[in-house]
Amino acid sequence: MQPAGEPYPRHWEADVLLRDGSTMRIRPIRPTDADALQAFHVAQSEESIYFRFFAPLRRLPERDLERLVTVDHVDRVALVVVSGSAIVAVGRYDRIDADSAEVAFNVSDVYQGRGLGSVLLEHLAAAARERGVSTFVADVLPGNAKMIRVFTDAGYDVVQRYEDGVISLSFAIEATDRSLEVVASREQRTDAASMRMLLDPTGVLVVTDGHDAAFARRVAANLTGTLAHCVGEALADVAAQAGHTWSADLAGAPEDPLQLAVVAASPHAVLDLLAPLAARGVRGVVLLSDGFDAPDGDAPRLSDLVTAAREAGLRLIGPRSFGVSVARGDRVVNATLRTEPLTPGPAAFFCQSGAMAQEMMDEVETYGARVGTFVSAGHRADVSGNDVLQYLAGQSDVRVVGMYLESLGNPRKFARVASRVSAAVPVVAVVGASQRERSREAGTLGRGAVEEAMLAAGVLVAPTMRAMVAATTLFAHQELPRGARVAVLTTAASVARLVAAQVAHLDPDPVVVQLPWASPPGAVVEAAATLATREDWDVALAVYSPPLGPPEAEVLEAIARLGSGERPVLAVVPGLVGVTPGLTHERTVPAFPSVEDAVAALELADAYARWRRTDRGHLVAPDGVDLRRARELVAAEVAHAAPGERVRLGRDRTRELLSAFGIEVLPSREVRSTSQALAAARDLGWPVAVKSTDAMLRHRADLGGVRLDVAGPIELVEAVRQVRLRQDAHAPVEIQPMAPLGVACVVTAGEDRLLGPVVSFGLAGDATDLLDDASYAMPPLRTGDVHRLVHSVRAAPRLLGQRGGESVDVAALEDLLARVAEAVEALPQLHRVELRPALASPEGVVVLSAHVDLTPESRPDGGRRALRA
2 MQPAGEPYPR HWEADVLLRD GSTMRIRPIR PTDADALQAF HVAQSEESIY
52 FRFFAPLRRL PERDLERLVT VDHVDRVALV VVSGSAIVAV GRYDRIDADS
102 AEVAFNVSDV YQGRGLGSVL LEHLAAAARE RGVSTFVADV LPGNAKMIRV
152 FTDAGYDVVQ RYEDGVISLS FAIEATDRSL EVVASREQRT DAASMRMLLD
202 PTGVLVVTDG HDAAFARRVA ANLTGTLAHC VGEALADVAA QAGHTWSADL
252 AGAPEDPLQL AVVAASPHAV LDLLAPLAAR GVRGVVLLSD GFDAPDGDAP
302 RLSDLVTAAR EAGLRLIGPR SFGVSVARGD RVVNATLRTE PLTPGPAAFF
352 CQSGAMAQEM MDEVETYGAR VGTFVSAGHR ADVSGNDVLQ YLAGQSDVRV
402 VGMYLESLGN PRKFARVASR VSAAVPVVAV VGASQRERSR EAGTLGRGAV
452 EEAMLAAGVL VAPTMRAMVA ATTLFAHQEL PRGARVAVLT TAASVARLVA
502 AQVAHLDPDP VVVQLPWASP PGAVVEAAAT LATREDWDVA LAVYSPPLGP
552 PEAEVLEAIA RLGSGERPVL AVVPGLVGVT PGLTHERTVP AFPSVEDAVA
602 ALELADAYAR WRRTDRGHLV APDGVDLRRA RELVAAEVAH AAPGERVRLG
652 RDRTRELLSA FGIEVLPSRE VRSTSQALAA ARDLGWPVAV KSTDAMLRHR
702 ADLGGVRLDV AGPIELVEAV RQVRLRQDAH APVEIQPMAP LGVACVVTAG
752 EDRLLGPVVS FGLAGDATDL LDDASYAMPP LRTGDVHRLV HSVRAAPRLL
802 GQRGGESVDV AALEDLLARV AEAVEALPQL HRVELRPALA SPEGVVVLSA
852 HVDLTPESRP DGGRRALRA
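Be aware that the sequence shown starts at 2, since it is given in our numbering, and climbs by one per residue.
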């Protein structure tokens, strides 16, 4: 029987990857687990039992067994890792006092060394933080070195004390820079290991039941020369045969390891096929066909596919994938629906949409891009862009990653992983237009927000598929610019003027080497050689269009030599696009169809180079934050909310929640009569402001919704009367003490449909709203992020003392942003918070008004490793 406490926390369930890339399930323990827990216990070695219980205990007594499987999910929490129906690891904590809990683990002898202890610690810590626990303690025998390492290697600041033959450990479980780095590093290794069988297979199995058999035939034909085997009678319909079993078909496959299966089959056949594939040694599946979640009631759900794949220990790409291609050296595995294989090279591409994969590969062919890895995720039931990025992060031959994204299933993980990958190689993404529009319609993001928020994580956003492929071609073959000084080599004055105008925001005074239009090839060659010796440029654009005939080979070679140094060079030459032999020397100078295309690629290169040079600082860690108080308040407010319901906090609860994060809102009172207004003014202190409670008027002094500096009773009576004339006669008005004069700012944070948690900053007012002058970033934020949020808005000079004025307290403003970011990072139920206005002055920042909306749903990824649900 379950003790009184929280309901079973289903959101703690997760599929996890182990060190070798295999998958297992982690979930809260249940009373029905008693037999499985006993079986787990009796299978343990004497040493493991002694390390866990400090005593020889061959069987768990019934009373102890009942206590171990009966928890309240608050003060007593236990998580189990299961393989099928068997328990293979247990982790638990028991609360000692309000802030601390004792933690213990037990991992099956058979599964030790695969990373189960560290996974359990991450998930237990996430659950404990949710329940208000901030510190773990543990008693460990000195001989239990493995368990001691689980704690010390996790990145926490562990305090150890030896007493009475036992090592007592204690550590705070809030995330630190080091603990986050440890989790990220482990996550990358396990994710990459699970993807290796998909993207570096020793052999490929092609399977069909006749459904979408043409897809299977195409892939089978493309795999000629690769270790491959086809299952299905001549790739015909075998599913209709009476008593047909996949095991019999698969038994005929060669003994060679075929780690990847490419499948085109009906949904029900796919579900039946996964377990036999796993038994045959397959570790990954690319599913070309579709049909899951179809309107017809008999169709299996996509969630059924994910469950079946994970129960079989498989990673799955698809359904409706266009396939995968890997090209390294002489080895090309073209398991895609496109006949032409890719040319091996340093670029990698990920396409979320199966339909858009064809367009992506067309552009890749147009630019002659050299591609080592291509993945089409299709409906992204399991493998996502995050997984592919994690794999690519460990590939030393990858110089650039191009992506087409329609949504981010786990935005927080994407920001974390992309930032890590971008620290080494550029990531260029195209974001589906429909997702941008949904974010704008929801009011969470403005124009340019996607680009800015993703760039803060190191991801460059290109406007089109062609622009993305063009930029990846530049990154793949040229070095990054060391600065923004631009040089132009051309034989046309009009081109020189065009380029100068288009790069003015990068370099207002570019170096222009302009030759006469009909200059002989030798003159252009000499000019290119001279330009190579100059030190006054960082990136060059060569635009050459001879008046007669095609470009001369010696001119192309001169441009290629110019681009074979340490500074990037781009070319615009009629008839040449992308990677061409004529523009290849020690490096290739990519050619672009137009000056506009070249400048667009140059802008992305400049943005990435600047991001790489920027010191983002350390994670913000505001002091005086009471997370336990905040979490308890939120839990109480959403306890009875229906799924999807938005809970708007009242004035007092809003102030209480924000106060837990060190954000104080200036007190105010809502009044309905003159006598109440006078009493409020006396209590709050003169002078006061009188504000309308109408959402359209409450910040609009110009429309009569606000009266300021009301110094006495007579003025107050008149001010209340005037404000009431402009709003609903039955609505209250708000009385608030006057704040110091300052610059009105707006700080918001909330859950965006595309990007997940986003923090934004801007100055209040119509001009700012209409011009969409706001800055954006995705938490967790670093000190450099909050600095950029304040300084990157176009109206920032108003904060910094324009025209001889006094600068506001920028440090206080950055601190406010850090606290809001901490709130949205720590509280998954925080749907939206808006501080409007926050008055910034030389004396500090005063928040005049705040609104908070909660939702009962928790976002994915709470600082623990887990596969996407």
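The beta carbon of each residue, even a glycine, is placed where N, CA and C say it ideally should be.
Go through its chain and collect everything with a Cβ distance to residue i's Cβ below 6 Å, but skip five positions before and after it.
i      : result
Leu19  : Arg115 and Gly116
His852 : Glu835
Ala276 : Ala313
Glu638 : Val648 and Leu855
Asp427 : Residue identity differs from the one stated: residue 427 is Pro in this sequence, not Asp. Taken in chain order, the residues that qualify are Val401, Phe476 and Tyr609.
Arg629 : Gly133
Residue i to residue j, Cα distance in whole Å?
i      : j      : result
Leu836 : Ser23  : 45 Å
Leu259 : Ala280 : 12 Å
Asp786 : Ala824 : 16 Å
Arg865 : Arg60  : 32 Å
Val492 : Leu571 : Note that residue 492 is Thr in the sequence shown, not Val. Computed Cα separation, rounded: 15 Å.
Ser267 : Val432 : 31 Å
Thr589 : Thr581 : 8 Å
Ala79  : Pro644 : 26 Å
Ala56  : Leu142 : 11 Å
Ala358 : Asp36  : 49 Å
Leu667 : Gly766 : 20 Å
Arg722 : Leu764 : 30 Å
Ala640 : Lys147 : 40 Å
Pro551 : Val574 : 9 Å
Ser495 : Gly369 : 29 Å
Ala336 : Leu289 : 10 Å
Starting from residue i, follow the beta strand (DSSP E) in both directions and report where the run begins and ends.
i      : result
Ile1   : A question about residue 1 goes unanswered here, because the residues of the chain that appear run from 2 up to 870.
Val83  : Arg77 to Ser84
Asn335 : Arg332 to Thr337
Met404 : Val401 to Leu406
Ile715 : Careful: Ile715 lies outside any beta strand (DSSP E), inside the alpha helix (DSSP H) at Pro714 to Leu726.
Arg329 : Gly324 to Arg329
Ala702 : Where Ala702 is concerned, there is no enclosing beta strand (DSSP E), given that its DSSP letter is neither H nor E.
Ser660 : Looking at the DSSP string, Ser660 is not in any beta strand (DSSP E); the run it does join, the alpha helix (DSSP H), is Arg652 to Ala661.
Pro1   : Residue 1 is absent from the structure shown; the chain starts at 2 and stops at 870.
For residue i, count the other beta carbons within 10 Å of its own beta carbon; 16 or more makes it buried, fewer makes it exposed. Which is it?
i      : result
Pro482 : buried
His731 : exposed
Glu665 : exposed
Met196 : buried
Trp247 : Low confidence applies here, because Trp247 scores a pLDDT of 47, under 50, leaving its location unreliable; read the following figure in that light. Under this definition Trp247 is a buried residue.
Asp297 : exposed
His700 : buried
Leu549 : exposed
Gly285 : buried
Met452 : Correcting the residue type first, residue 452 is Glu in the shown sequence and not Met. With 16 or more Cβ atoms within 10 Å of its Cβ, Glu452 is classed as buried.
His74  : buried
To which residues of the same chain is residue i closer than 8 Å at the C-beta, ignoring the five residues directly before and after it?
i      : result
Glu366 : Glu341
Pro714 : Leu679 and Ala682
Asp305 : Leu272 and Phe293
Gln242 : Note that Gln242 scores 34 on pLDDT, short of 50, meaning its location in the model is unreliable and no value can be drawn from it.
State the start and end residues of the unbroken alpha helix (DSSP H) segment that holds residue i.
i      : result
Ile149 : Ala146 to Thr153
Val365 : Gly355 to Tyr368
Gln515 : Note, Gln515: premise wrong, no alpha helix (DSSP H); beta strand (DSSP E) at Val512 to Gln515.
For residue i, collect the residues of the same chain with a Cβ closer than 7 Å to its Cβ; drop the 5 residues on either side in sequence, then sort them by chain order.
i      : result
Ala819 : Val621, Pro623, Leu782 and Val787
Glu815 : Val787, His788 and Val791
Ser46  : Asp110
Val108 : Ala90, Leu117 and Gly118
Does the stretch 447-461 touch the stretch 495-503, meaning 3 or more C-beta pairs lie closer than 8 Å?
no
Pair every Cβ in the stretch 681-700 with every Cβ in the stretch 653-664, then say whether three or more of these pairs are closer than 8 Å.
Taking a cut-off of 8 Å for Cβ pairs, the stretch 681-700 and the stretch 653-664 do not touch, as fewer than three such pairs fall below it.
At a cut of 8 Å, does the stretch 476-490 reach the stretch 509-516 through at least three beta carbon pairs?
yes
Cβ pair count under 8 Å reaching 3, the stretch 748-764 against the stretch 695-710:
No: fewer than three Cβ pairs fall under 8 Å.
Count the CB pairs spanning the stretch 38-48 and the stretch 87-106 that are closer than 8 Å, and state whether there are at least three.
yes
Does the stretch 169-176 come close enough to the stretch 115-133 that 3 or more CB-CB pairs lie under 8 Å?
yes
Within 8 Å, do at least three Cβ pairs link the stretch 349-356 to the stretch 411-418?
Too few Cβ pairs lie closer than 8 Å, so no.
Whether or not the stretch 369-376 and the stretch 323-335 are in contact is what I'm after, with contact meaning three or more pairs of Cβ atoms, one per stretch, closer than 8 Å; do they touch?
yes
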